[in-house]
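In our numbering, the protein residues as written are 282 to 621.
Just below is one structure, and these are the notes that go with it.
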Amino acid sequence: MMRLPQFHYYRPRDVDEAAQILAGEDDAMVVAGGTDLLPNMKRRQQTPRTLVALRHIDSLKKLTNGAGLTIGAGVTLTSLEQNKTVKSAYAGLWQAAAQVATPHLRNMGTLGGNICLDTRCNYYDQNHEWRKAIDFCMKKDGDICWVSTGSKKCLATSSTDTAPALIALRAEVELVSAAGRRTLPLQHLYQDDGIHYLTRRREEILTNIILPQAGATRSTYWKLRRRGSFDFPVLSVAAALEFDEHDVIADARVVLGAVASQPVVCAAVNEQLRGKGLTDEVIEDMAAACAKAAKPVKNTDFAPHWRKRAVAHVTRCALRELRGDDMRETRKKLARQSLI
282 MMRLPQFHYY
292 RPRDVDEAAQ
302 ILAGEDDAMV
312 VAGGTDLLPN
322 MKRRQQTPRT
332 LVALRHIDSL
342 KKLTNGAGLT
352 IGAGVTLTSL
362 EQNKTVKSAY
372 AGLWQAAAQV
382 ATPHLRNMGT
392 LGGNICLDTR
402 CNYYDQNHEW
412 RKAIDFCMKK
422 DGDICWVSTG
432 SKKCLATSST
442 DTAPALIALR
452 AEVELVSAAG
462 RRTLPLQHLY
472 QDDGIHYLTR
482 RREEILTNII
492 LPQAGATRST
502 YWKLRRRGSF
512 DFPVLSVAAA
522 LEFDEHDVIA
532 DARVVLGAVA
542 SQPVVCAAVN
552 EQLRGKGLTD
562 EVIEDMAAAC
572 AKAAKPVKNT
582 DFAPHWRKRA
592 VAHVTRCALR
602 ELRGDDMRET
612 RKKLARQSLI
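The structure is reproduced here in structure tokens:
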């Protein structure tokens, strides 16, 4: 049986108190739902001496409408899944939240936790004794990235479902520390490094996710995994397209997940889509371009070359759905859910 290591536990009353605790502790981490951090602690992948609980801070559980939508980082994935505004105006986010893990874990897991999800790898997501037998890995306690032994950086993959969808929707995040607060585009929260995958500083708390007004934007999220539930993505495609009155694309954002240590924004694809309609030819060209942008490696389920080819198929499905094609049967085959 894997047991948690010993740690100090704080339950602050508000964000300011939590930020003060983090500022005074050198080896502390925040915990909300704990669905990622606590299993990692059992496997000794993360071993903070202090946990600062955010679960009981009410200000982090609010979801408010304004010019757009502001979602507290402590809002559970189930709450997002059940929210009618999210489902109608931000369908891609709703689809992403609905496909995370299982109902039990979505009841506990939070949006902020999924955004900050630890990167994953077949050589890292094992118990301590298994990792010790291979002399550990670069991400924790070792010196070699077993995915590519010549690599100078860790190649663990970003497996968050909600981040690609939110980036496609041009979300921003608010970070709070004892020194103040800052807001940045969610895309800038990530960097392509399996160990240092977040630009968030240790003492900062993710408090809010801010979405612009949806307007004429249509969004979608497609996820590929071995099983129809529970599993992390082996690749995902999030897309948000804004159409004008002639059904021509005025703005485009296509983002790939689980093919690098950060969500991959397909900048070239986004530029090429503007000013076009979603004809079959355009969809095929964009699917091929997304596959070219994806560079999966052997850090998760399925062979990298197969996952790369699958990116084109999943991108094709996402764009066809945004065009208005009936993709319900395809979704049921791929995701085992309708999600429409």
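By construction, the Cβ of each residue, glycine as well, lies at the ideal position given by its N, Cα and C atoms.
Inset, instruction - Following the continuous beta strand (DSSP E) through Thr-345, name the residue where it begins and the one where it ends. - result: The residue you call residue 345 lines up with position 64 of the sequence shown. Thr-345 -> beta strand (DSSP E) spans 344-346.
Inset, instruction - Would you tell me roughly how many angstroms separate the C-alpha atoms of Cys-435 and Leu-341, rounded to the nearest one? - result: Here residue 435 corresponds to residue number 154 of the sequence shown, with the count starting at 1. Here residue 341 corresponds to residue number 60 of the sequence shown, with the count starting at 1. The straight-line gap from Cα to Cα measures roughly 32 Å.
Inset, instruction - Confirm, please, whether the CB-CB distance from Cys-397 to Leu-487 is below 8 Å. - result: To locate residue 487, count along the sequence shown from 1; it is residue 206. To locate residue 397, count along the sequence shown from 1; it is residue 116. Yes.
Inset, instruction - Find out if the Cβ-Cβ distance for the pair Leu-620, Gln-376 is shorter than 8 Å. - result: The count along the sequence shown starts at 1 and reaches residue 620 at position 339. The count along the sequence shown starts at 1 and reaches residue 376 at position 95. Contact flag set, yes.
Inset, instruction - Check whether the Cβ atoms of Asn-489 and Gly-315 sit closer than 8 Å, and answer yes or no. - result: For the purposes of this step, residue 489 is taken as the residue at position 208 of the sequence shown. For the purposes of this step, residue 315 is taken as the residue at position 34 of the sequence shown. Contact flag unset, no.
Inset, instruction - Would you identify the three-state DSSP class for Cys-571, choosing helix, strand or coil? - result: Here residue 571 corresponds to residue number 290 of the sequence shown, with the count starting at 1. DSSP places Cys-571 in helix when its eight states are reduced to three.
Legend entry - Lys-365 to Ala-378 span [Cα, whole Å]: Position 84 of the sequence shown holds residue 365. Position 97 of the sequence shown holds residue 378. Lys-365 and Ala-378: Cα-Cα distance of roughly 13 Å.
Inset, instruction - Would you mind sorting Gly-390 into buried or exposed? The rule is 16 or more other CB atoms within 10 Å of its CB. - result: Taking the sequence shown and counting its residues from 1, the one referred to as residue 390 is at position 109. Flag for Gly-390 reads buried.
Legend entry - Under 8 Å between C-beta atoms of Asn-318 and Glu-484: Position 37 of the sequence shown holds residue 318. Position 203 of the sequence shown holds residue 484. Strictly speaking, residue 318 in this sequence is Leu, with Asn absent from that position. Contact: no.
Legend entry - Sub-8 Å separation of Gln-380 and Tyr-471 beta-carbons: Looking up residue 380 in the sequence shown gives position 99. Looking up residue 471 in the sequence shown gives position 190. Taking 8 Å as the Cβ cut-off, Gln-380 and Tyr-471 do not qualify as a contacting pair.
Legend entry - Residue environment, Ala-519, which counts as buried when at least 16 other CB atoms sit within 10 Å: Against the sequence shown, residue 519 aligns to sequence position 238. Result: buried.
Inset, instruction - Inspect the CB distances between the segment 333-340 and the segment 291-299 and report whether three or more fall short of 8 Å. - result: yes
Inset, instruction - Determine which residues share a DSSP beta bridge with Phe-524 and list them. - result: Taking the sequence shown and counting its residues from 1, the one referred to as residue 524 is at position 243. Bridge partners of Phe-524: Ile-530.
Inset, instruction - For the segment 393-424, list the beta strand (DSSP E) runs that are entirely contained and at least 3 residues long, ordered along the chain. - result: none
Legend entry - Boundaries (first-last residue) of the beta strand (DSSP E) holding Val-296: Indexing the sequence shown from 1 puts residue 296 at position 15. Element bounds for Val-296: not the beta strand (DSSP E) but the alpha helix (DSSP H), 296-305.
Legend entry - Beta-carbon proximity check, Asn-321 vs Val-428, cutoff 8 Å: Numbered from its first residue, the sequence shown carries residue 321 at position 40. Numbered from its first residue, the sequence shown carries residue 428 at position 147. No; because the gap between Cβ atoms is not below 8 Å, this pair is not in contact.
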